[in-house]
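These protein sequence lines map, in sequence, to chains A and B.
Under our numbering, the first sequence is numbered contiguously, ending at residue 322.
Under our numbering, the second sequence is numbered contiguously, ending at residue 613.
Down below is the structure, laid out as C-alpha cells.
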Amino acid sequence: MNNGRVDIALQENNAIIASRAKRVTVALFKSKRTTFGVAVLAFFLILAILGRFIAPYNPLIQSGPLWSPPSESHLFGTNYLGQDVLSWFIIGTATSLWVGVSVAFFSALIGVSVGLTAGYFGKYTDEVLMRFVDMLLVIPAFPLLVILSAYLPPTTNSTILILSVLSWPFMSRVVRSQVLSLKERGFVTASKLAGESRLKIMFKDILPNMLPIIFINIIYLVIGAIVAQAGLAFFGLGNINSINWGTMLYWAQIEDAAIQNAWWWIIPPGLAIGILGLGLNMLANGISDMILLNQGR
Amino acid sequence: MITRRYLIRRLINVLIIAYGAITINFILPRIIPGNPVMTNLFAGGGGQIGNPVVIARLTQEFGLNNPNLFYQYSLYLTQLIHGNLGISFYYYPQTVYSVIMERLPWTLLLAGSGTLIAAGSGILVGIYLAWKKGTIRDSFFSSVGMMISSIPYFWIGMIFLILFAVDITIFPVAHAVTPGVTYHNIFSYMGDILYHAFLPITTLAVALLPIYALQMRNTMVTVMHEDFMKTAIAKGLPDSVVKMRYAARNAVLPVTTHVGLSLGYVVAGALMIEYLFAYPGVGYTLFIAIQNEDYPLMQGIFLIISLMVIAANFLVDILYTYLDPRVNLR
Chain A
26 MNNGRVDIAL
36 QENNAIIASR
46 AKRVTVALFK
56 SKRTTFGVAV
66 LAFFLILAIL
76 GRFIAPYNPL
86 IQSGPLWSPP
96 SESHLFGTNY
106 LGQDVLSWFI
116 IGTATSLWVG
126 VSVAFFSALI
136 GVSVGLTAGY
146 FGKYTDEVLM
156 RFVDMLLVIP
166 AFPLLVILSA
176 YLPPTTNSTI
186 LILSVLSWPF
196 MSRVVRSQVL
206 SLKERGFVTA
216 SKLAGESRLK
226 IMFKDILPNM
236 LPIIFINIIY
246 LVIGAIVAQA
256 GLAFFGLGNI
266 NSINWGTMLY
276 WAQIEDAAIQ
286 NAWWWIIPPG
296 LAIGILGLGL
306 NMLANGISDM
316 ILLNQGR
Chain B
284 MITRRYLIRR
294 LINVLIIAYG
304 AITINFILPR
314 IIPGNPVMTN
324 LFAGGGGQIG
334 NPVVIARLTQ
344 EFGLNNPNLF
354 YQYSLYLTQL
364 IHGNLGISFY
374 YYPQTVYSVI
384 MERLPWTLLL
394 AGSGTLIAAG
404 SGILVGIYLA
414 WKKGTIRDSF
424 FSSVGMMISS
434 IPYFWIGMIF
444 LILFAVDITI
454 FPVAHAVTPG
464 VTYHNIFSYM
474 GDILYHAFLP
484 ITTLAVALLP
494 IYALQMRNTM
504 VTVMHEDFMK
514 TAIAKGLPDS
524 VVKMRYAARN
534 AVLPVTTHVG
544 LSLGYVVAGA
554 LMIEYLFAYP
564 GVGYTLFIAI
574 QNEDYPLMQG
584 IFLIISLMVI
594 AANFLVDILY
604 TYLDPRVNLR
C-alpha cells in the first residue's frame with residue numbers, strides 16, 4: 026500500500042518535471058531574444074564539439090603564403106606563419122568555451138555554497154563571509170589574476186583554477202539575498218514546523234526556488250570567464266601555446282598584426298566573443314523577464 | 284544626510300579591506316612552493332643572477348632567508364609603512380616604489396579621462412534610449428551596447444589602430460610623447476601628450492560607454508514606471524522637463540554608485556590598453572614585469588592599484604550619500 030502511494034507520488038513528480046521542462050522549452054522559443062540566445066549558443070557549441078572535423082586545415086601547419094588576406098582557399102586568410110586563421114578560430118572555440126563553462130561551473134559551486142550558508146545561518150557566519158566577499162569584490166580582479174597566473178604553471182587548468190577562485194563572490198551575494206527573502210516564506214516555515222533538518226530545507230525548499238536566478242548568473246560567469254581568459258592570454262599569461270581566441274589575439278599583438286594591417290586575423294576572435302556575449306546576455310535577460318512575469322502572475 | 288557614525292563605520296570597513304589586500308599581497312608568493320622571488324633571483328629572472336646587493340636587501344629588509352613567517356610578515360608591514368616595496372629586478376637599481384610612481388600619472392590620465400568621458404556620454408545615451416524605450420532604435424543600440432560590453436577592451440583598441448594609425452596615419456601607434464623632441468612651450472608639450480593619448484583614451488571610453496549607457500537606460504526605465512512620472516505628465520509639463528528633471532535626475536544617482544563599482548574594470552581596461560599602445564603607464568610596466576619575471580614589481584603594482592581602487596570606491600560611496608538627499612544612513 027505504502028509503496029504504491031510512493032510510486033504514484035513519484036510518477037506525478039516526474040510528470041510535473043516533464044511538463045515543466047516542456048513549458049520552459051516552449052517559453053524559451055516564444056521570445057525572439059531567447060531564441061536568438063539559444064541559437065548563438067548552439068552555433069558555438071556545435072563549432073566547439075565538431076571543430077576538429079570542420080576545420081579545413083591543421084592550424085599548426087603552414088598551409089598558404091604568409092600574411093595572405095581572405096581568399097577562396099583561406100576564408101579568413103593566413104597568419105605570420107602561413108597558418109590558416111579559420112582553422113585556428115574553429116579549433117580555438119573549444120578551448121575558449123571549455124574555460125568559460127568550467128569556470129562558471131566551479132565558481133557557481135563555490136558561490137552558491139557560500140551564499141546559501143551565509144543567508145541561511147545568518148549572524149556571525151553571514152557577517153564574516155560577506156565581509157570577505159565584499160573584500161574580493163572591491164579589490165580589482167585583473168591585477169590579482171595577473172599575479173596568480175604569473176606564479177602558477179602556465180597551463181589552461183591553472184587559468185581555470187585562478188578564474189574560478191576569483192569569480193564567485195558576485196554569485197554568492199545574489200544567492201544570499203535570495204535566501205534571505207525565501208527563508209521568510211510560508212513553505213519554509215511549514216518545513217521547519219514539520220521538523221525537517223536544516224540541510225534538507227536548504228537543498229529541498231530553498232535551492233530549487235533560486236535555480237533560474239542561479240542559471241542567469243552562470244550565463245554571466247561563462248562570458249566573464251571567456252573575456253578574462255582572453256585578457257590573460259593577451260598579456261602572455263596561461264598556456265600561450267594552446268589554441269584559443271585569447272592566444273589568437275596574443276600572437277596577433279606579438280607579431281604586430283595591427284601594424285601589418287592583418288585585420289582578418291584580429292577580427293574573428295573579438296567579434297566571436299562579442300556575438301557570444303550578446304547572445305548569452307539576451308538569453309539571460311529573456312529568462313529574467315520570464316521570472317518577473319511568473320512573479321506577477 | 285551623513286552622520287559621523289556612518290562615516291566611521293565605512294572608514295573601518297575600508298581599512299579592513301585595505302588590510303586584506305596588503306595581507307593577500309604577502310601570502311600569495313609564500314603559499315606557492317619554493318619561494319619564487321628567491322628562486323628566481325638565483326635562476327636569473329630579471330637579469331639579476333644572484334646579485335649580492337639585491338639578495339642583501341631582500342634578506343635584510345624582508346627577512347626572506349628566515350623561515351619564520353610571522354617575522355617576515357612584521358618586517359613586510361614595517362617596510363610597507365616606510366613606503367618600501369622592495370627593489371625591481373628589471374629596472375635595477377630603481378626601487379619598485381619609484382618605478383610605479385614614475386608611471387602612475389600616465390595611467391591616471393588614461394583611466395580618469397576615459398571614465399569621465401564614458402560616464403558623461405554614456406548617461407546621455409542612456410537617457411535617449413530609455414526615452415525611446417521599445418522602439419527599433421532602442422533595441423538596436425541596446426544590442427550593440429551589449430555586444431561591445433562583452434568584447435575585450437584591447438580588441439577595440441586593435442581595430443582603432445588599424446583604422447586610424449595604420450591605414451590612414453592620423454594618430455601615433457605608440458608612446459606617450461614623441462621621443463627625442465624638445466618643446467618650445469608648455470602648450471606644444473600638452474598638445475603632444477593629448478595627440479598621443481587620444482587613441483588610448485578613445486578606446487577606453489568606447490569600451491566603457493555601453494556599460495554606463497545600459498545601466499542608465501535600465502534605471503531610467505524603472506523610474507519611468509513610478510507614479511510621480513504620471514503626475515508630471517498629467518500636469519502637462521513639457522516633455523523635455525519630464526525627461527530631464529523627473530526621469531533622468533532620479534535615475535542618475537544609482538548610476539553614480541555603478542561608476543564607483545566599475546573602477547576595477549576601468550583599471551583592468553587601462554592596463555591592457557596601455558600595453559597595446561606601448562603607453563608608458565603602470566599597465567605597460569606590468570607587462571614588462573611579467574615578461575621579465577620581475578615579481579617584486581608585479582606585486583607592488585597589484586598593491587598600489589588595489590589600494591587606489593579601494594580608496595576611490597570609498598570616496599564615490601561618500602559622495603553618493605552627499606548627492607542623494609534620500610539616502611539617510613546611520
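By construction, the Cβ of each residue, glycine as well, lies at the ideal position given by its N, Cα and C atoms.
Residue 339 of chain B has its alpha-carbon roughly 45 Å from the corresponding atom of residue 491 of chain B. Between residue 459 of chain B and residue 442 of chain B, the alpha-carbon positions lie close to 19 Å from each other. Taking 7 Å as the Cβ-Cβ cut-off, the stretch 371-389 of chain B has no residue approaching chain A.
For residue 148 of chain A, the enclosing alpha helix (DSSP H) starts and ends at 148-163. C-alpha of residue 313 of chain B to C-alpha of residue 365 of chain B: approximately 22 Å in a straight line.
Secondary structure of residue 390 of chain B (DSSP, three-state): helix.
Cβ neighbours of residue 396 of chain B within its own chain (closer than 7 Å, five residues either side excluded): 484. Around the Cβ of residue 498 of chain B, a 10 Å sphere holds 16 or more other Cβ atoms; the residue is buried. Residue 547 of chain B has a beta carbon lying within less than 9 Å of a beta carbon in chain A. Annotation: residue 64 of chain A has no Cβ neighbours in chain B at a cutoff of 7 Å; minimum Cβ distance is about 14 Å.
DSSP, reduced to helix, strand and coil, places residue 281 of chain A outside both helices and strands of the structure shown, so it counts as coil. Beyond the five residues adjoining it in sequence on each side, residue 566 of chain B comes within less than 8 Å, by CB distance, of 390, 553, 554, 555, 556, 557 and 558 in the same chain, given in chain order. Under the DSSP assignment, residue 421 of chain B falls in the alpha helix (DSSP H) whose first and last residues are 419-433.
DSSP places residue 65 of chain A in the uninterrupted alpha helix (DSSP H) bounded by 57-79. Per DSSP, the unbroken alpha helix (DSSP H) holding residue 246 of chain A starts and ends at 232-259. Linking residue 122 of chain A to residue 308 of chain B through their CA atoms gives a straight-line distance of about 31 Å.
Rounded to whole angstroms, residue 578 of chain B and residue 568 of chain B show a C-alpha spacing of 12 Å. Taking all protein chains shown into account, residue 108 of chain A has 16 or more neighbouring C-beta atoms within 10 Å of its C-beta and is therefore buried. In terms of Cβ geometry, residue 203 of chain A and residue 235 of chain A form a close pair [threshold 9 Å].
Residue contact check for residue 252 of chain A against chain B: a CB pair falls below 9 Å.
Not flagged as an interface residue toward chain A: residue 397 of chain B, since no C-beta distance is shorter than 9 Å. Taking all protein chains in view, the Cβ of residue 254 of chain A is crowded by 16 or more other Cβ atoms within 10 Å, so the residue is classified as buried. Comparing alpha-carbon positions, the option among A:163, A:77 and A:130 lying closest to residue 250 of chain A turns out to be A:130.
Excluding the 5 residues flanking it on each side, residue 94 of chain A has same chain C-beta neighbours closer than 7 Å at 102 and 289, in chain order. One finds nothing in chain B with a Cβ atom closer than 7 Å to the Cβ of residue 95 of chain A; even the nearest lies about 15 Å away.
Take residue 512 of chain B, set aside five residues on each side of it, and the residues of its chain with a beta-carbon closer than 8 Å to its own are 506, 525, 529 and 530, in chain order. Taken through DSSP and simplified to helix, strand or coil, residue 370 of chain B comes out as strand. Assigned with DSSP and collapsed to three states, residue 577 of chain B falls in coil, not helix or strand. Residue 592 of chain B belongs to the set of residues whose beta carbon lies under 9 Å from a beta carbon in chain A. If you look at residue 308 of chain B, you'll find it in the alpha helix (DSSP H) that goes 287-314. Ranked by how close their Cα comes to the Cα of residue 294 of chain B, the residues B:461, B:415, B:435 and B:594 have B:594 in first place. In this structure, the straight-line span from the alpha carbon of residue 62 of chain A to that of residue 300 of chain A is close to 10 Å. Cβ proximity to chain A below 8 Å picks out 296, 299, 300, 303 and 304 from the stretch 292-305 of chain B. Residues 140, 143 and 144 of the same chain have their beta carbon placed closer than 6 Å to that of residue 201 of chain A, with the five preceding and five following residues left out of the count.
Within the stretch 158-183 of chain A, the residues whose Cβ lies closer than 9 Å to some Cβ of chain B are 159, 160, 161, 162, 163, 164, 165, 166, 167, 168, 169, 170, 171, 172, 173, 174, 175, 176 and 177, listed in chain order. Here residue 378 of chain B carries a strand assignment [DSSP, helix/strand/coil].
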